[in-house]
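Per the numbering used here, the sequence shown starts with residue 1, numbered consecutively. Even glycine gets a Cβ: it sits at the ideal position worked out from N, Cα and C. Following: one structure in structure tokens, then a few remarks.
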Amino acid sequence: MIKVKGYINPTVINTVDGTFAVSGSNWINVPEGTTLKDLNWIDITPKIKKTKLHKWEVKSPSKSRPGKFNTYLVKFDGTYSCTCLGYTYRRKCRHITKISESFRPSRGRAGAGVV
Ligand SMILES: [Zn+2]
């Protein structure tokens, strides 16, 4: 087996200079007669985990308008964000804390949907 590291499934190319296993820009000189079956592709593509966007509406009593509630939108797509002023100024707020803490008992750790 010939190990071929690359981002693309390798192919075998015969040239006047010899036989090469090619994966993207990675050319490896291989013995003549080498076929795809002789290649052991090592996929070096960076694995990017896509995190689904989560949204929560958090109702919070209004300080300026007693009896009224403000609704904030907390979002999580790898990091938390919130639409409230507290988040805008401090990059953290109690709405995010509330959401992130709500995952602790069932998931055993903070962070929604992070596997
Ligand atoms: Zn907030």
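Practice item. Pair every Cβ in the stretch 36-48 with every Cβ in the stretch 59-77, then say whether three or more of these pairs are closer than 8 Å. Key: Too few Cβ pairs lie closer than 8 Å, so no.
Practice item. Verify the CB distance criterion: does A21 have a CB-CB separation below 8 Å to chain C? Key: Included in the structure is just one protein chain, with no chain C present.
Point to revise | Distance cut-off 7 Å: Y87 Cβ against heavy atoms of ligand 1 | key: Under cutoff, so the answer is yes.
Point to revise | heavy atom of ligand 1 below 7 Å from Y72 C-beta | key: Because some heavy atom of ligand 1 lies under 7 Å away, the Cβ of Y72 counts as near it: yes.
Point to revise | Contact test: H95 Cβ vs ligand 1 heavy atom, cutoff 7 Å | key: Answer for H95: yes, Cβ within range of ligand 1.
Check your understanding: Under a three-way DSSP split, which group does T97 fall into?
Key -> It is helical.
Exercise for review: Give the C-beta separation of N26 and G6 to the nearest angstrom, bearing in mind that I take them to be a contact with Cβ-Cβ under 8 Å.
Suggested key: So it is a contact: roughly 4 Å between Cβ atoms.
Review point. In whole angstroms, what is the alpha-carbon distance linking T71 and V4?
Key: If you take the alpha carbons of T71 and V4, they lie about 54 Å apart.
Review point. Count the other CB atoms within 10 Å of the CB of F76; is the residue buried (16 or more) or exposed (fewer)?
Key: F76 is classed as buried because its beta carbon has at least 16 other beta carbons within 10 Å across all chains shown.
Exercise for review: Just mark V58 as buried or exposed, buried being the case when its beta carbon has 16 or more other beta carbons within 10 Å.
Suggested key: So V58 ends up on the buried side.
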